[in-house]
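Quick note on numbering: the numbering used here labels position 159 of the sequence shown as 1516, and the sequence is numbered without any gaps.
Heads up: the structure comes next, in structure tokens.
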Amino acid sequence: MKERACVQVKQLIDHCLENPKYYPGPHNLPAPRTSQGLQQLDTRRQMLLIWDALCQYIAEALEAGRAVNVPNFGAFTFEQSLQEDGGHPSNPRKASRHLRPCFLVHDKLKRHLYRYPGKEEVRTGRNEVSVYQHGRLEFLNVVPIAAGCYYTTPIVTSAITQLFRAIGDLAQRNYNLDLNFGFCRVRVHERDLQVGYARRLTETSNAAVQMQSTPSPISKTWQEARLSKSMMNFVERPNSAEVRRKRNRTKHLGVVSCDMCSISLDGKSLMAR
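Spelled out as structure tokens, the structure:
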């Protein structure tokens, strides 16, 4: 029996755009950029750009030791454990926290994955800490993603919402999916789900947690702005004034070339007479 092909990110985007009746929203039309120095993209490249920005934003949060909850899909989070290995020098208890990346499936998606028990993601031991209790779980914020892509927030919100809605619909119809997030790979195969994280993510997140073993005062939290560095550098900021000047010169050249053609044609007609 031949194995069915997997739906990857590009096929998922095509599925959303080819069915605007079931996945409505402003993402179905090419949207203008918030910077005049950037060209307008077609709908497919527009959604691919938003997907790439989404993956980089989640990866940045995970590398800093922060978990991210994606609505109607699941939570990219960590399971933490305390190990008596000396810890950080500033840690008085001489114990260090170690994080293991895991994925908690949303109930709406898990309803269709009846072969996915999720036992390896939940520890029920007396001394184990729940993945929801490490205190750094945050919901997905689309504002920095929109700023990094130079799109308005409704465009990005609509695209992300309908993409993950389509994932649930395809899983319900027993499609196999292979979603590459960059920092991990989520595979849905025969009503089962498997998640493979990159090794560098575990090393980076644990190093970040060790550096943050001494909490900073609450007063500093309101004084320091927490900006997404990955989104600030996701798309190079264009020189809008120079781009406008180049476009105007191109338009003027087109007008002049049309005038020269009309003059030459008039000259030939006069000579023919």
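Glycine included, every Cβ here is placed at the ideal spot set by N, Cα and C.
Residue span of the alpha helix (DSSP H) that contains residue i, given as start and end
i       : result
Val1545 : Counting along the chain, Val1545 falls outside any alpha helix (DSSP H), though it belongs to the beta strand (DSSP E) covering Cys1541 to His1546.
Gln1365 : No alpha helix (DSSP H) contains Gln1365, which DSSP labels as neither H nor E.
Phe1521 : Thr1510 to Gln1529
Val1499 : Val1499 to Cys1506
Leu1470 : Counting along the chain, Leu1470 falls outside any alpha helix (DSSP H), and DSSP gives it neither H nor E.
Whole-Å CB distance - residue i paired with residue j, under 8 Å assumed
i       : j       : result
Asn1531 : His1546 : Actually they do not touch by this definition, with Cβ atoms about 10 Å apart.
Leu1520 : Val1425 : Contact doesn't hold; Cβ gap of about 15 Å is too wide.
Arg1542 : Gly1525 : That pair is no contact at about 18 Å.
Tyr1473 : Leu1550 : 4 Å
Pro1377 : Ser1515 : Contact flag wrong, Cβ pair sits at about 11 Å.
Arg1390 : Tyr1508 : 7 Å
Val1513 : Ile1370 : Actually they do not touch by this definition, with Cβ atoms about 14 Å apart.
Glu1420 : Thr1559 : With a Cβ gap of about 10 Å, Glu1420 and Thr1559 do not count as contacting.
Gln1413 : His1469 : So it is not a contact: roughly 28 Å between Cβ atoms.
Neighbourhood of residue i by C-beta distance below 7 Å, restricted to the same chain and skipping five residues each side
i       : result
Leu1411 : Ile1502 and Ile1517
Gly1431 : Phe1460, Leu1461, Val1462, His1463 and Leu1466
Ala1416 : Gly1539 and Phe1540
Gly1394 : Pro1595, Asn1596, Ser1597 and Val1600
Tyr1380 : Cys1373, Gln1519, Arg1522 and Ala1523
Pro1511 : Pro1383
Arg1402 : none
Residues of its chain near residue i, where Cβ-Cβ distance is below 8 Å and the 5 sequence neighbours each way are ignored
i       : result
Val1364 : His1372, Leu1527, Tyr1532, Asn1533, Leu1534 and Asp1535
Glu1495 : Ala1418, Arg1423, Ala1424, Val1425 and Asn1426
Gln1397 : Pro1387, Ala1388, Pro1389 and Arg1390
Asp1399 : Pro1387
Val1366 : Leu1405, Trp1408, Leu1536 and Asn1537
Ser1635 : Residue 1635 lies beyond the residue range present for the chain, which begins at 1358 and ends at 1630; the question has no answer from this structure.
Lys1586 : Glu1417
Where residue i sits in the DSSP three-state scheme
i       : result
Leu1494 : strand
Cys1459 : strand
His1609 : helix
Leu1584 : coil
Val1600 : helix
Glu1593 : coil
Cys1615 : helix
Leu1627 : Because the pLDDT of Leu1627 is 44, which lies under 50, any placement of that residue in the model is unreliable, and the number read from its coordinates should be weighed accordingly. In this structure, Leu1627 counts as helix in the three-state DSSP scheme.
Leu1558 : helix
Own chain, CB closer than 6 Å to residue i, minus 5 neighbours either side, in chain order
i       : result
Leu1429 : One detail in the question is off: residue 1429 reads as Asn in this sequence, not Leu. These residues qualify, in order along the chain: His1463, Lys1465 and Phe1521.
Glu1593 : none
Leu1386 : none
Asn1605 : none
Arg1544 : Asp1535 and Gln1551
Gly1505 : Ala1410, Met1588 and Phe1591
Val1488 : In this prediction, Val1488 has a pLDDT of 49, which is less than 50 and means its spatial position is unreliable; nothing more can be read from the coordinates.
Arg1548 : Leu1470, Tyr1471 and Arg1472
Arg1602 : none
First through last residue of the beta strand (DSSP E) which encompasses residue i
i       : result
Leu1550 : Asp1549 to Tyr1554
Leu1534 : Leu1534 to Asn1537
Query - Length at least 4, wholly inside the stretch 1369 to 1438: the alpha helix (DSSP H) runs in chain order - result: 1400 to 1420
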